[in-house]
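K.L.:
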Amino acid sequence: MNEAFIADINSENFSTLVVDASIRLPVVLIFWHPEHAESVQNVEIWEALAEKYPGKFILGKLQIEEQIMLSTQFAVDESKLPYAKLIKNGTAYGILNETMTEEVCESFMRPHLEESETDRLRIQAKQFAAQGDTIGAFDCLKQANQLEPENYNILFDMIDFYLKTGQTDAAREIFNGLGENVQKSAQGKQAEAIFYFSELANDGPDIQTVQHILQQQGVQSAQGLEALFQLSSILILHGQEESGAEALLKILQISQQQPNDTKSKAQASFLKLLAIIEIKAPQKVPGLRRQMQNLLF
Numbered sequence: 005m006n007e008a009f010i011a012d013i014n015s016e017n018f019s020t021l022v023v024d025a026s027i028r029l030p031v032v033l034i035f036w037h038p039e040h041a042e043s044v045q046n047v048e049i050w051e052a053l054a055e056k057y058p059g060k061f062i063l064g065k066l067q068i069e070e071q072i073m074l075s076t077q078f079a080v081d082e083s084k085l086p087y088a089k090l091i092k093n094g095t096a097y098g099i100l101n102e103t104m105t106e107e108v109c110e111s112f113m114r115p116h117l118e119e120s121e122t123d124r125l126r127i128q129a130k131q132f133a134a135q136g137d138t139i140g141a142f143d144c145l146k147q148a149n150q151l152e153p154e155n156y157n158i159l160f161d162m163i164d165f166y167l168k169t170g171q172t173d174a175a176r177e178i179f180n181g182l183g184e185n186v187q188k189s190a191q192g193k194q195a196e197a198i199f200y201f202s203e204l205a206n207d208g209p210d211i212q213t214v215q216h217i218l219q220q221q222g223v224q225s226a227q228g229l230e231a232l233f234q235l236s237s238i239l240i241l242h243g244q245e246e247s248g249a250e251a252l253l254k255i256l257q258i259s260q261q262q263p264n265d266t267k268s269k270a271q272a273s274f275l276k277l278l279a280i281i282e283i284k285a286p287q288k289v290p291g292l293r294r295q296m297q298n299l300l301f
């Protein structure tokens, strides 16, 4: 099930959670001030809509008193409230600068929430892939790409498909054809992270071998830790990021009492994993980063 994407926006995460993320999903940036009662109520309205349409758009909350630089950049002060801005593909796409009710806000977003033919094909491709029908999945992605050849979401879907089916060269060819700005975006960094885990997963032992080692030796031995590290890469490559994170955190936890050669690799993988989670569930990143830091220091 999709989760609502809601985040407090500041100068540190603006580029990632607003500009870069808007390539993947529409972003609504709601401006508010704690002493402006209507704007506080507007935040609640938008949060409810984000929960109503989970995974359909990202809600960014910008507190203008705390984020002076960003609010100045958008020329929004308390006198401009209520104020919301829609951002798509890195640029402003619409402004809502009037009394906001649930009906008004939903009407403002409705054209951007409706499922297009391309969206339908992308969803169908994921369903085919989950069922093991790689031919059906790729056919859907090809059709979607023909409909919208410049849609980066489809191209990233194709990269993901190729990596998960072991076709690294084909995935790299698509990635290399993307513009430099797209490659350096949050979604591009996510793709680079998946390349990293694909290489680890494909160069190491398969899942059956890994499970056998873990069953025979547990995770306390050097070989067991290496098997757990390999398992994390396999899990992450196949979309099980939370299970992969648990495996990496387990390695770091054991490493606190038992020095080993796997710790540094687990730390590097965890940082790569955050680049993936930052796209899929940005609200989880701070907590995961804290867990890692607590186990390192």
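Just add 4 to the spot in the sequence shown (first one is 1) and you have our numbering. The beta-carbon is built from N, C-alpha and C at its ideal position, and this holds for glycine as well.
(1) With C-beta atoms as the reference, is L159 less than 8 Å away from L182?
(2) On the criterion of 16 or more Cβ atoms from any shown chain inside 10 Å, does A79 qualify as buried, or is it exposed?
(3) Can you give the beta carbon distance from I139 to F201, rounded, assuming they're within the 8 Å contact cut?
(4) Within the same chain, show all residues whose beta-carbon is closer than 7 Å to that of G170, passing over the 5 residues directly before and after it, in chain order.
(5) Please report the distance separating the alpha-carbon of A41 from that of L85.
(6) Just the C-alpha distance for G208 and A272, rounded to the nearest angstrom, thanks.
(7) So for A8, helix, strand or coil by DSSP?
(8) On the three-state DSSP scale, how would you describe G291?
(9) If you follow the alpha helix (DSSP H) that L315 is part of, which residue opens it and which one closes it?
(10) Return the residue from the list T213, L300, D265, N14 that minimises the CA-CA distance to Q257.
(11) On the criterion of 16 or more Cβ atoms from any shown chain inside 10 Å, does M73 qualify as buried, or is it exposed?
(12) DSSP on L159, reduced to helix/strand/coil?
P.N.:
Let me spell this out:
(1) yes
(2) exposed
(3) With a Cβ gap of about 24 Å, I139 and F201 do not count as contacting.
(4) N206
(5) 10 Å
(6) 17 Å
(7) coil
(8) helix
(9) Given that the chain is displayed from residue 5 to residue 301, the structure contains no residue 315 and the question cannot be resolved.
(10) L300
(11) It is exposed - the Cβ of M73 has fewer than 16 other Cβ atoms within 10 Å.
(12) helix
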